[in-house]
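Some notes on the structure that comes next.
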Amino acid sequence: MRGNTDLSLQNTPGKSVRIAPDYLQLLNRYYDFDGFEPDRLDKQLALIRAMAQLSSSGVTVYDLQKQAHVYVSHNFYQLYGYDFGAMDSCIPNEMFDRKIHPDDRQALARNGYEAMKFMMAQPAHTRKQFKMVTEYRVTPDDQTTIRVTEQHQVLEQDASGNIWLSLGVIDISPNQSLAGVKSQVINFHTGELIRLTSNDLPTGVKLTSREKEILGMIGTGKLSKEISALLDISVHTVNTHRQRILEKLQADNSIEALQSAKMIGLIA
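Numbering (my numbering), first residue to last: 88 to 355.
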């Protein structure tokens, strides 16, 4: 089974704005499954459920292809301030995103994107050796703020090495007096700590109306030649705008520029 992951960058009308970046852009174009996915999923969920029953930690299994949590433990729901009994078995990420402290959302999204970019740059057979550890704040209700520590690691990949299932384990952090987001990637086979290339979103960025217009067109997949014809400007001018956009957003390519611009609210 092959599932297309070439998804639109635009938000779907009627849904809440995503905080989490679109990790699927960093994966291979298609998921390449061998037909044994239900058995692999059932086996993993049986192990995770048993682990969750013996642990005080919150536990979740996230399906990147479905972009949903296919298992969430009672303690995970409770930490985020939700009633366990009222929940379905396939939970969209937005439900937990909205509980993240607003001051931590941008850095958390950017660090997650950078961690996934790092993971996909590693040989496929080594990706299960890495774990991302992050500290951030959640607001289970209007009066309460809790700092949590969350660990993520790969559970299953498809035949092409795309990350399919990930395991998340969340606990209350002992560092309740700290603020802000702290993230690192750990190779738990070697003990190596990997510093993410960018831990912060660019701040104070201002794009001109033309730069926003061009970035929006890039987001719909248009090439410089097409943008040039639509705006009646030269290809050279389009490319100059593109370069300035990358510089302002401290991005290496158009995908990163689009992610950063959306995260800091420059474009919808």
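Cβ coordinates follow ideal geometry from the N, Cα and C atoms, glycine included. Predicted model, so just to flag it, every value in this text is computed and none were measured.
C-alpha gap between Met304 and Pro261, whole angstroms: 45 Å
Status (buried if at least 16 other CB within 10 Å, exposed otherwise) for Glu334: exposed
Other residues of its chain near Asn340: CB distance less than 8 Å, five sequence neighbours each side excluded: Leu333
Pro133 versus Lys153, Ser160, Leu353, residue with shortest Cα-Cα distance: It should be pointed out that residue 133 corresponds to Ala in this sequence rather than to Pro. If we check each option's Cα against that of Ala133, Ser160 comes out closest.
Cβ neighbours of Ala344 in the same chain (closer than 6 Å, five flanking residues each side left out): Ile332, Leu333, Leu336, Ala338
Residues bridged to Thr221 [DSSP beta-bridge criterion]: According to DSSP, Thr221 bridges with Glu237, Ser270.
Delimiting residues of the beta strand (DSSP E) encompassing Val157: 155-159
Closer than 8 Å to chain C by CB, Val272: The structure shown contains no chain C; it holds only a single protein chain.
For Ser315 and Val148, the rounded distance between their alpha carbons: 45 Å
Spatial distance of Phe224 from Gln271 (CA atoms): What sits at residue 224 in the sequence shown is Arg, not Phe. Arg224 and Gln271: Cα-Cα distance of roughly 16 Å.
Arg197 to Met203 span [Cα, whole Å]: 10 Å
Ranges of the alpha helix (DSSP H) found wholly within the segment 311-352, counting only runs of at least 4: Positions of the alpha helix (DSSP H) runs, each at least 4 residues long and wholly inside the segment 311-352, are given as 311-318, 322-335, 341-350 in order along the chain.
Member of Ala137, Gly278, Gln346, Phe183 whose CA lies at the smallest distance from the CA of Leu302: Gln346
For His188 and Thr232, believed in contact at Cβ under 8 Å, the rounded distance: 6 Å
Per-residue DSSP class, three states only, for Ile301: Helix, per DSSP.
Opposing strand residues paired with Gly278 [DSSP bridges]: Its beta-bridge partners do not exist; DSSP assigns none.
First through last residue of the beta strand (DSSP E) which encompasses Gly255: 250-259
Meets three-Cβ-pair contact criterion under 8 Å: the segment 239-259 and the segment 292-302: no
Simplified DSSP assignment, three categories, for Gln263: coil
Run of the beta strand (DSSP E) containing Gly145, from where it starts to where it stops: 145-150
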